[in-house]
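> Numbering (numbering that gives the first Met the number 0), first residue to last: 0 to 74. The structure is given below, and queries will be raised subsequently.
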Amino acid sequence: MQWSEHKAAGVAETNPEEKGHVPECCRCRHYFVTHDPRQPMGCRAYGFKSRQPPSRVVLTTSGTPCHFFAPRQSP
Numbered sequence: 000m001q002w003s004e005h006k007a008a009g010v011a012e013t014n015p016e017e018k019g020h021v022p023e024c025c026r027c028r029h030y031f032v033t034h035d036p037r038q039p040m041g042c043r044a045y046g047f048k049s050r051q052p053p054s055r056v057v058l059t060t061s062g063t064p065c066h067f068f069a070p071r072q073s074p
């Protein structure tokens with residue numbers, strides 16, 4: 000569903016093009032859960048693991064939102 004369709008349907012969701020938007024990593028196909036308790040979340044696109052959601056790390060360190068977010072494919 001495109002942003003304009005969400006808006007038309009009245010879905011309360013942040014516009015992904017807004018400055019500072021942090022996408023939900025668990026809905027991204029690049030996100031993975033690690034077996035490291037100190038760094039339980041990872042991003043294959045950026046190639047790192049972290050304690051915080053990867054999209055938040057990207058926003059904090061670079062000042063720009065994640066550019067690799069891609070929705071997971073439905074089974």
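Ideal placement from N, C-alpha and C gives every residue a C-beta, glycine not left out.
Can you give the beta carbon distance from residue 29 to residue 67, rounded, assuming they're within the 8 Å contact cut?
6 Å
> Using the C-alpha atoms, what's the distance from residue 25 back to residue 65?
13 Å
> Would you give the residue range spanned by the alpha helix (DSSP H) that residue 56 belongs to?
53-61
> Should residue 36 go down as buried or exposed, given a rule of 16 or more other Cβ atoms within 10 Å for buried?
Residue 36 comes out exposed.
> Beta strand (DSSP E) containing residue 68: first to last residue?
Counting along the chain, no beta strand (DSSP E) covers residue 68, and no H or E run does either.
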